[in-house]
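Here is the structure we will look at.
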């Protein structure tokens, strides 16, 4: 696992968070996916660092290698 990410059943229902916070990795990845800049995320979550955001990206990448994610193809 990552030294900046933690999973604890007693914190945010066991979802991955930035260590020492209740900031969900999923929220960071979602914000990036929606087009938010790193600076915007840092403003929204002042208790995390740029390195925490990079750790969340790395964690998401690692997780996607091991988890089968639901995908539904849409035909236009």
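Numbering (this note's numbering), first residue to last: 1064 to 1139. We put the beta carbon where it would ideally sit given N, CA and C, even for glycine.
Do residue 1123 and residue 1092 have their beta-carbon atoms positioned less than 9 Å apart in this structure? yes
Taking residue 1113 as the reference, which of 1095, 1125, 1126 and 1128 has the closest Cα? Checking every option, the nearest Cα to that of residue 1113 belongs to 1095.
Below 8 Å on the Cβ atoms is my contact criterion, and I expect residue 1077 with residue 1068 to pass it. Report the Cβ-Cβ distance as a whole number of Å. Their Cβ separation, rounded to whole angstroms, is 13 Å, which puts residue 1077 and residue 1068 out of contact at 8 Å.
Nearest-angstrom beta carbon gap, residue 1115 and residue 1081 [assumed within contact, 8 Å]: 5 Å
May I ask you to list the residues that DSSP assigns as paired with residue 1080? 1069 and 1087
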